[in-house]
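Before any comments, here is the structure.
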Amino acid sequence: RVNLTAVFGPEHGFRGTAQAGGSEGRYDDPATGLPVYDTYLKSGQDLADIFTASGVDTVVFDIQDAGARFYTYTWTLYDCMEAAALAGKRLVVLDRPNPVTGRAALGPVLDPAFATFVGRREIAQAHGMTVA
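One point on numbering: in our numbering, the residue at position 33 of the sequence shown is 33, and numbering is uninterrupted.
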């Protein structure tokens with residue numbers, strides 16, 4: 001049995017209504033009444049604090065990745081993994097096939113000198129992997 005107690009919104013927000021580079025902030029979702037916490041651009045420690053404050057015992061990560069290094073959902077999962085470890089929470093990742101075939105890594109590998117939130121580690125532009 002699952003008791004959904006909170007929702008976490010990445011870039012574009014929980015409902016996907018925010019523009020690129022934006023989020024929806026903290027609010028109560030009008031359709032469900034659940035508290036929605038903004039995770040966009042939050043550090044692992046910030047997310048650990050949010051996970052603790054929200055009272056969850058398990059975080060379920062259920063986001064389709066686009067298969068490109070500069071798509072922020074991969075990095076949001078990266079931070080959620082750190083946060084779950086820091087906060088002592090379970091993290092369950094619901095994975096899906098890579099939408100860009102997932103057969104090969106293509107494009108340039110990130111130069112660490114140019115690492116940002118939309119590209120943090122030395123992986124190819126089209127990494128060929130799933131979000132997990």
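Beta carbons: idealized from backbone N, C-alpha and C, even for Gly.
- Within the same chain, and ignoring the five residues on either side of proline 108 in sequence, the residues whose Cβ sits closer than 8 angstroms to its Cβ are Ala124 and Gln125.
- Short of 7 angstroms from the beta carbon of aspartate 65, and not among the five residues preceding or following it, lie these beta carbons of its own chain, in chain order: Tyr71, Tyr73, Thr74, Thr130 and Val131.
- If you look at threonine 58, you'll find it in the beta strand (DSSP E) that goes 58 to 61.
- Burial is judged here by how many other beta carbons sit within 10 angstroms of a residue's own beta carbon; proline 30 has fewer than 16 and is exposed.
- Using a Cβ distance threshold of 8 angstroms, valine 59 and leucine 91 count as a contacting pair.
- Per the C-alpha coordinates, the member of Val118, Gly55, Gly88 and Cys80 positioned closest to leucine 47 is Cys80.
- Aspartate 28 and alanine 6 have their C-alpha atoms spaced approximately 9 angstroms apart.
- Non-local C-beta neighbours of glutamate 24 in its own chain, meaning closer than 6 angstroms and more than five positions away in sequence, comprise Gly9, Gly13 and Ala18, ordered along the chain.
- DSSP, read as helix, strand or coil, puts glutamine 125 in strand.
- Threonine 52 is positioned such that its CB atom lies closer than 8 angstroms to that of alanine 87.
- Remark: C-beta atoms of lysine 89 and aspartate 49 do not approach each other more closely than 8 angstroms.
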